[in-house]
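In what follows, a single structure is set out as structure tokens and then discussed.
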Amino acid sequence: MGYGRYVVTRGLNALLVLLVALLISVFIFSALEIQELETRAYEELQNYARGLKGLPPEEMKKRIEEYREYLFNVKYKLNEPLYIKAFRWMIRALTLDFGEARQRYPAYGATADVRSILLVALGRTALLFTTAYIIAVAIGIMVGLFAAYKRGGIFDRSLSVLALTTYSMPMYWLGMLLILFFAYTLKIFPSAAWEYIPESVKANLGSLILWYLHHMTLPLITIIFVAFGGLAWYARNIALSAFQEDFVMMAQAKGLPDRDILFKHVLRVISPPITTMSTFTIIFSFFGAIISEIVFQWPGMGRLYYTALANSDTPVVTGITYLSIMLIVITKYILDLIYGLLDPRIKTA
1041 MGYGRYVVTR GLNALLVLLV ALLISVFIFS ALEIQELETR AYEELQNYAR
1091 GLKGLPPEEM KKRIEEYREY LFNVKYKLNE PLYIKAFRWM IRALTLDFGE
1141 ARQRYPAYGA TADVRSILLV ALGRTALLFT TAYIIAVAIG IMVGLFAAYK
1191 RGGIFDRSLS VLALTTYSMP MYWLGMLLIL FFAYTLKIFP SAAWEYIPES
1241 VKANLGSLIL WYLHHMTLPL ITIIFVAFGG LAWYARNIAL SAFQEDFVMM
1291 AQAKGLPDRD ILFKHVLRVI SPPITTMSTF TIIFSFFGAI ISEIVFQWPG
1341 MGRLYYTALA NSDTPVVTGI TYLSIMLIVI TKYILDLIYG LLDPRIKTA
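Numbering (our numbering), first residue to last: 1041 to 1389.
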């Protein structure tokens, strides 16, 4: 099939997956939403009934029933059929309309709108974690390919030890050690990665960039160090497996330099799995890390999710879940399009 038809087919598949995933999530969270709305409706009804004391019993009963009908049928729409509720919640999820948060989150602005809160948190997580993982992916791929190029040497053998060490090291533990040494002992960097930005700093772009670099240095070093070893080891193993292919052995038999074989032949073969690893590593960085954000006092997606769970803030938890589903499905669709360009055989599969 042509590439245009391939794009449309994959797009329809992605849309179907997105709708099914959102529908499942809607039914899961709808029970919590209905329970919360019923609780709020009954609380309002009780408060309304207290204000009717002194009226005749029949009049009081009539007004309470009328107000109950208003709460359940008009304000909260609790008596609607489930399929209508599911459809309405699906539309809200697709338009990122998650309503208002039950709690206030001063670190994410004065607004109670869940969409605005999520966008602020997503931007901050992207600023720190996505930046760090992009750097880690770039370093990991280069180190892994170099280890494959120098396979069997000291650098290659050292990489296995380094990868095992960094991959098994808890990010929050390393972060606490760096904070203890550089923030409290040497007092070079601040202990909190996010603080109030002075107005004088905001007024100058250069000062603002330096402020961010100064506050983000410790978490950036932590994330990059923990992440790049496993990425480098994965890239190295993928490249080594490609070196066993017949066409690579043929190129070696022809006397082509290893550098040309690596970058002109092997890299083309391993580009799909490398692309998958890089893309999903970067996209999952948008969701942050709960413990690491708490350690570095960085108000991103992970810390917001933890706070929302602790406060039973269903709209925020629901919004983060829906947003995560959308990002993953969109990422998979983009990967399919990239695969179609990198390997034309995929389009005919």
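In this text, a Cβ means the ideal position worked out from N, Cα and C, and glycines have one as well.
- Distance check between residue 1081 and each of 1103, 1055 and 1115 places 1115 closest, using alpha-carbon atoms only.
- The C-beta of residue 1243 has fewer than 16 other C-beta atoms within 10 Å across all chains shown, which makes the residue exposed.
- Between residue 1194 and residue 1297, the alpha-carbon positions lie close to 20 Å from each other.
- Counted as a single uninterrupted DSSP element, the alpha helix (DSSP H) harbouring residue 1286 occupies residues 1286 to 1293.
- The Cβ-Cβ distance between residue 1104 and residue 1085 falls below 8 Å.
- In this structure, DSSP gives residue 1098 a helical state, which the three-state scheme calls helix.
- By the Cβ test, the segment 1219 to 1232 is not in contact with the segment 1127 to 1139, since fewer than three Cβ pairs between them sit closer than 8 Å.
- Your pair residue 1354 and residue 1069 checks out as a contact, with CB atoms roughly 7 Å apart and the cut at 8 Å.
- When DSSP states are grouped into helix, strand and coil, residue 1137 belongs to the coil group.
- Taking the CA atoms as reference points, residue 1102 sits about 11 Å from residue 1092.
- Counting C-beta pairs with one atom in each stretch, the segment 1205 to 1222 and the segment 1254 to 1267 have three or more that are closer than 8 Å, which means they touch.
- Within the segment 1046 to 1084, there are no complete beta strand (DSSP E) runs of at least 3 residues.
- For residue 1298, the secondary structure class from DSSP, reduced to helix, strand or coil, is helix.
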